[in-house]
Amino acid sequence: MRIFDPHIHMTSRTTDDYERMAAAGVRAVVEPAFWLGQPRTSAASFADYFDSLIGWEPFRAGQFGVRHHATVALNPKEANDARCRPVLDLLPRYLDKDAVVAVGEIGYDSMTPEEDEAFAAQLALAVAYDLPALVHTPHRDKARGVERTLAVVTESGIDPGRVVVDHLNEVTVKLVRDTGCWLGFSIYPDTKMSPPRMVELLREYGTERMLVNSAADWGRSDPLLTRATGEAMLLAGFTDDDVDQVLWRNPVQFYGQSGRLDLTDLELAAVDPETGNSILRGGS
Numbered sequence: 620m621r622i623f624d625p626h627i628h629m630t631s632r633t634t635d636d637y638e639r640m641a642a643a644g645v646r647a648v649v650e651p652a653f654w655l656g657q658p659r660t661s662a663a664s665f666a667d668y669f670d671s672l673i674g675w676e677p678f679r680a681g682q683f684g685v686r687h688h689a690t691v692a693l694n695p696k697e698a699n700d701a702r703c704r705p706v707l708d709l710l711p712r713y714l715d716k717d718a719v720v721a722v723g724e725i726g727y728d729s730m731t732p733e734e735d736e737a738f739a740a741q742l743a744l745a746v747a748y749d750l751p752a753l754v755h756t757p758h759r760d761k762a763r764g765v766e767r768t769l770a771v772v773t774e775s776g777i778d779p780g781r782v783v784v785d786h787l788n789e790v791t792v793k794l795v796r797d798t799g800c801w802l803g804f805s806i807y808p809d810t811k812m813s814p815p816r817m818v819e820l821l822r823e824y825g826t827e828r829m830l831v832n833s834a835a836d837w838g839r840s841d842p843l844l845t846r847a848t849g850e851a852m853l854l855a856g857f858t859d860d861d862v863d864q865v866l867w868r869n870p871v872q873f874y875g876q877s878g879r880l881d882l883t884d885l886e887l888a889a890v891d892p893e894t895g896n897s898i899l900r901g902g903s
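Residue 620 is where the sequence shown starts when you use the numbering used here, and the numbers rise one by one after that.
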């Protein structure tokens with residue numbers, strides 16, 4: 620089983636997680652820029668964070684044969700903080716980078732006017748830089764948030780086939796299914812979506828334009844729940860090809876629209892034979 624996790628926050632995970640993921644079949648990941656759990660105090664801290672997403676994390680992932688790409692954005696939660704708004708002017712510097720395959724996460728947290736403005740501005744950047752967009756939907760009042768999201772996507776003029784609306788569930792999938800947007804589902808231990816529930820949605824709506832991710836971060840989450848979903852699909856009667864479409868070919872197709880997705884020569888990396896370390900050090 621080959622797995623491409625299209626939404627995972629590896630900055631929050633340990634090197635051991637990369638090793639476990641590689642052993643489970645994860646060969647590629649996309650890491651979206653997101654909230655770190657406490658407020659950033661200036662736009663300058665985003666520059667350091669973005670530099671890590673396109674520098675250190677791809678190197679760290681590569682030690683285990685995992686290919687790492689990123690998306691960058693001012694996330695919805697911090698769009699409400701005036702100290703972070705200058706990040707919108709910083710983004711073009713990073714949207715030119717080869718390792719950046721989409722604009723994201725963008726969208727809504729509390730559905731404020733500030734979030735409206737940041738969302739529209741970043742969809743415009745996605746159009747200008749010919750990149751897909753990864754859209755976060757709010758945890759509260761999700762149905763209204765998805766409806767508002769789809770209205771802004773329509774107003775932006777972006778091709779809906781270049782947009783994934785993420786963190787969907789049984790209620791909101793129906794709102795997105797016929798819009799032409801991609802549908803993202805985050806598999807979590809307790810919330811959002813579970814492997815059995817995901818299987819039922821795949822039975823009802825099919826496997827096209829469906830993206831399954833772990834969205835693992837600093838909270839209670841599990842980077843191996845993509846694998847668990849694939850196993851649940853097989854037990855439910857889906858074929859190996861169905862699983863490959865959902866867990867590999869779909870994310871490749873979506874992010875491949877960036878023209879920057881590099882999945883060549885993927886292989887597991889060995890332990891450093893000289894030091895015995897499970898990760899090499901940059902520059903050594």
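Note that beta-carbon positions come from the ideal geometry of N, C-alpha and C, so glycine has one too.
The structure presented is a predicted model; accordingly, all values stated were derived computationally and were not measured.
Checklist entry - alpha helix (DSSP H) containing aspartate 624: first to last residue? => result In the sequence shown, the residue the question calls residue 624 occupies position 5. Where aspartate 624 is concerned, there is no enclosing alpha helix (DSSP H), although the beta strand (DSSP E) it sits in stretches over 622 to 624.
Checklist entry - Is glutamine 741 buried or exposed, if buried means 16 or more other CB atoms sit within 10 Å of its CB? => result Here residue 741 is taken as the residue at index 122 of the sequence shown, counted from 1. Burial call: buried.
Next on the checklist: Output needed for arginine 632: all residues of its chain with C-beta closer than 7 Å, excluding positions within five of it in sequence on either side, in chain order.
Outcome noted: Translated into the one-based positions of the sequence shown, residue 632 becomes position 13. Same-chain partners within the cutoff: Ala835 and Pro842.
Checklist entry - To the nearest whole angstrom, what separates the beta carbons of alanine 692 and glycine 723, a pair I think is in contact under 8 Å? => result Translated into the one-based positions of the sequence shown, residue 692 becomes position 73. Translated into the one-based positions of the sequence shown, residue 723 becomes position 104. The C-beta distance from alanine 692 to glycine 723 rounds to 5 Å, short enough to fall under 8 Å.
Checklist entry - Which residue from Met817, Cys800 and Gly799 puts its Cα closest to that of tyrosine 807? => result On the sequence shown, position 188 is the one that residue 807 refers to. Answer by Cα proximity: Met817.
Item to check | Start and end residues, beta strand (DSSP E) containing glycine 726 | outcome: Here residue 726 refers to the residue found at position 107 of the sequence shown. Bounds of the beta strand (DSSP E) holding glycine 726 are 719 to 726.
Next on the checklist: Quick check: the Cα distance between valine 862 and methionine 640, rounded to an integer number of angstroms?
Outcome noted: If you number the sequence shown from 1, residue 862 lands on position 243. If you number the sequence shown from 1, residue 640 lands on position 21. One C-alpha to the other measures close to 17 Å.
Checklist entry - Is the segment 667 to 686 touching the segment 852 to 869 in the sense that three or more CB pairs, one from each, lie closer than 8 Å? => result Here the segment 852 to 869 makes no contact with the segment 667 to 686; the two share fewer than three CB pairs at distances below 8 Å.
Checklist entry - Cβ atoms of tryptophan 801 and arginine 828: under 9 Å apart, would you say? => result Within the sequence shown, residue 828 is the residue found at index 209, counting from 1. Within the sequence shown, residue 801 is the residue found at index 182, counting from 1. Taking 9 Å as the Cβ cut-off, arginine 828 and tryptophan 801 qualify as a contacting pair.
Checklist entry - Looking only at its own chain, which residues have a Cβ that is under 7 Å from the Cβ of serine 813, when we skip the five neighbours before and after it? => result Within the sequence shown, residue 813 is the residue found at index 194, counting from 1. Within the same chain, and ignoring the five residues on either side of serine 813 in sequence, the residues whose Cβ sits closer than 7 Å to its Cβ are Ile806.
Item to check | Endpoints, the beta strand (DSSP E) within which valine 691 is located | outcome: The count along the sequence shown starts at 1 and reaches residue 691 at position 72. Counting along the chain, the beta strand (DSSP E) containing valine 691 begins and ends at 686 to 691.
Checklist entry - Considering only C-alpha positions, which residue in the set Ala743, Thr630 and Gly799 is nearest to glycine 780? => result Here residue 780 is taken as the residue at index 161 of the sequence shown, counted from 1. With respect to the C-alpha of glycine 780, the residue from Ala743, Thr630 and Gly799 having the closest C-alpha is Gly799.
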